[in-house]
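Under full-length UniProt numbering, think of the first position of the sequence shown as 1, with each following residue one higher.
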Amino acid sequence: GFFSQVAGQDGQISADELQRCLTQSGMSGSYQPFSMESCRLMINMLDRDMSGTMGFAEFKDLCQALNGWKATFSSFDRDHSGTVEGHELQQAITTMGYNLSPQAMNCIMKRYSNHGKIPFDEFVSCCVRLRALTGESSWYENRNPNNTVSTFPKNTTMRRYKICTAEKWVHVYLCSF
Numbered sequence: 001g002f003f004s005q006v007a008g009q010d011g012q013i014s015a016d017e018l019q020r021c022l023t024q025s026g027m028s029g030s031y032q033p034f035s036m037e038s039c040r041l042m043i044n045m046l047d048r049d050m051s052g053t054m055g056f057a058e059f060k061d062l063c064q065a066l067n068g069w070k071a072t073f074s075s076f077d078r079d080h081s082g083t084v085e086g087h088e089l090q091q092a093i094t095t096m097g098y099n100l101s102p103q104a105m106n107c108i109m110k111r112y113s114n115h116g117k118i119p120f121d122e123f124v125s126c127c128v129r130l131r132a133l134t135g136e137s138s139w140y141e142n143r144n145p146n147n148t149v150s151t152f153p154k155n156t157t158m159r160r161y162k163i164c165t166a167e168k169w170v171h172v173y174l175c176s177f
C-alpha cells in the first residue's frame with residue numbers, strides 16, 4: 001500500500017515520508033495535512049530502535065492510534081469545522097481516560113489552540129504527548145502521597161532526578177515545546 005510506495009528499498013520512512021504517506025492514504029481526512037512537527041512526534045512515539053524512522057510494524061501501530069484519535073476528534077467536532085473548542089477538548093481527553101486538572105487543560109489550550117480552536121493536527125500532537133507522558137514503558141514513575149512524581153529511566157538511581165508535582169510535569173512536557 002501507501003507505506004511501501006513511500007518507504008522505498010530500506011523499508012523505513014522518515015518524517016517527511018510519513019507526512020506524504022498519511023496525506024496520500026487520506027488519514028487526515030478532510031482536515032489539513034499533518035505538519036512536519038506532528039510527523040516527527042508520531043515517529044518518536046513509536047521509534048523503538050531510535051533510528052528516527054518508522055518501519056512497517058511501527059506504522060501499523062501508528063495507524064491504529066490515529067484511527068482512534070480521529071474517531072474521538074470527529075465525535076467532538078460536532079459542527080464539522082475541523083477544530084474542537086476547549087470544552088470539547090476536555091470531553092475528548094476525558095473520554096480517552098485522562099483526568100486532567102483545569103490548570104493542565106488551560107495549559108494545553110494555550111499551547112495547541114489558535115483563537116480557542118484546536119485543529120486535528122494539533123489534537124494529534126497533544127495525544128502523542130499525552131500517550132508518551134502516561135504510557136512510555138521505558139520510564140518508571142513513582143508517586144507518593146504528596147502528589148509528587150519522580151520520573152527517571154529504569155535501572156538508574158533516583159538521586160539524580162528532581163522530584164516535581166505531577167501538574168508541573170504535565171506543564172513542562174505538554175506545553176513547553
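Even glycine gets a Cβ: it sits at the ideal position worked out from N, Cα and C.
In the DSSP assignment, Thr83 falls within the beta strand (DSSP E) that extends over 83-85.
For Pro102, the enclosing alpha helix (DSSP H) starts and ends at 102-112. The bridge partners DSSP lists for Lys117 are Glu85, Asn114.
Cβ atoms of Ser113 and Ser38 stay farther apart than 8 Å, at about 15 Å. Under the Cβ criterion (8 Å, minimum of three pairs), the region 15-35 counts as touching the region 108-123.
Counting the other Cβ atoms within 10 Å of the Cβ of Gln12 gives 16 or more, which makes it buried. By the neighbour-count criterion, in which 16 or more other beta carbons inside 10 Å mark a residue as buried, Gln19 falls on the buried side. Distance from the Cα of Arg40 is smallest, within the candidate group Met54, Arg111, Asp49, for Met54.
DSSP places Met54 in the strand class (E or B) of the three-state scheme. For Ile43, the enclosing alpha helix (DSSP H) stretches over residues 36-46. With fewer than 16 other CB atoms across the displayed protein chains lying within 10 angstroms of its CB, Asp79 is exposed. If you draw a 10 Å sphere on the C-beta of Thr94, you find fewer than 16 other C-beta atoms in it, and that means exposed.
The Cβ neighbour count for Gln103, taken over all protein chains shown within 10 Å, is under 16; the residue is labelled exposed.
With at least 16 other beta carbons inside 10 angstroms of its own, Thr83 counts as buried.
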